[in-house]
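S.K.: Here you go, one structure.
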Amino acid sequence: RVTRSPSEVCQRLSGMVVGSDGEPVADLTISLKLEGESPRSFSLRSAYDGTFSFPVRDGSYSLSIASDRFSTCHATGFDHTSEEGRARFTVSGRDVTDMRVTVGGGRPDRYKYTECTFPE
576 RVTRSPSEVC
586 QRLSGMVVGS
596 DGEPVADLTI
606 SLKLEGESPR
616 SFSLRSAYDG
626 TFSFPVRDGS
636 YSLSIASDRF
646 STCHATGFDH
656 TSEEGRARFT
666 VSGRDVTDMR
676 VTVGGGRPDR
686 YKYTECTFPE
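Following this line, the structure appears as C-alpha cells:
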C-alpha cells in the first residue's frame, strides 16, 4: 500500500544545456548517476531548445555528458559539494529546476563520457 503521494517521493531535476557561446545545445546525452549503496544511472538527450528534465528521488548525484562534439562540462544552479573537482549535488525534498550545464572545449578525438565539474 502506498502511503505517500508521488510528489512526496519523486522530485524533478531540470535545466538547460548551452554551449560556451550561450546558445542552447540540442540532442546531447546527459547522464545522471545516483551515488551510494545502490548506484544507478539514468540518461536522456537534451530537447531541441537545450532543456532536460529527470524524475529523481532524494539522494546524492553526479552529472556527466556523452559526446563527440564537446570535451568539457560545467554545471551550476544548485547547492553542491565538490569531490576531486567533480560536480556533486543532493536532492532533498524539493525540485532542482535551474541547473545550467555549459559545454565546450572543442571536439574530442572520439565519442566519450565527460564528468561535469564546477566552473573555476
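Just so you know, we're using the numbering used here here: the sequence shown kicks off at 576 and counts up by one. The C-beta atom is built at its ideal place from N, Cα and C for all residues, glycine as well. It should be emphasised that the depicted structure is a prediction, and the values quoted were computed from it without experimental measurement.
#1: List the whole-angstrom C-beta distance separating Val666 from Gln586, where the pair is believed to meet the contact cut-off of C-beta under 8 Å.
#2: Taking CB distances under 9 Å as the criterion, tell me whether Tyr688 reaches chain B.
#3: Quick one: Cα of Thr692 to Cα of Arg620, how far?
#4: Under 8 Å by Cβ, that's how I've got Ala641 and Ala650 pegged, so tell me the actual separation to the nearest angstrom.
#5: Measure from the alpha carbon of Asp633 to the alpha carbon of each residue in Thr689, Phe645, Pro614, Tyr623, then state which is nearest.
#6: Following the continuous beta strand (DSSP E) through Pro630, name the residue where it begins and the one where it ends.
#7: Using 9 Å as the threshold, is the C-beta distance between Thr647 and Val592 below it?
#8: Going by beta-carbon coordinates alone, are Val678 and Phe653 separated by less than 9 Å?
M.R.: On the basis of the data shown:
#1: 5 Å
#2: The structure shown contains no chain B; it holds only a single protein chain.
#3: 19 Å
#4: Not really, about 15 Å apart at Cβ, beyond 8 Å.
#5: Pro614
#6: 626-631
#7: no
#8: no
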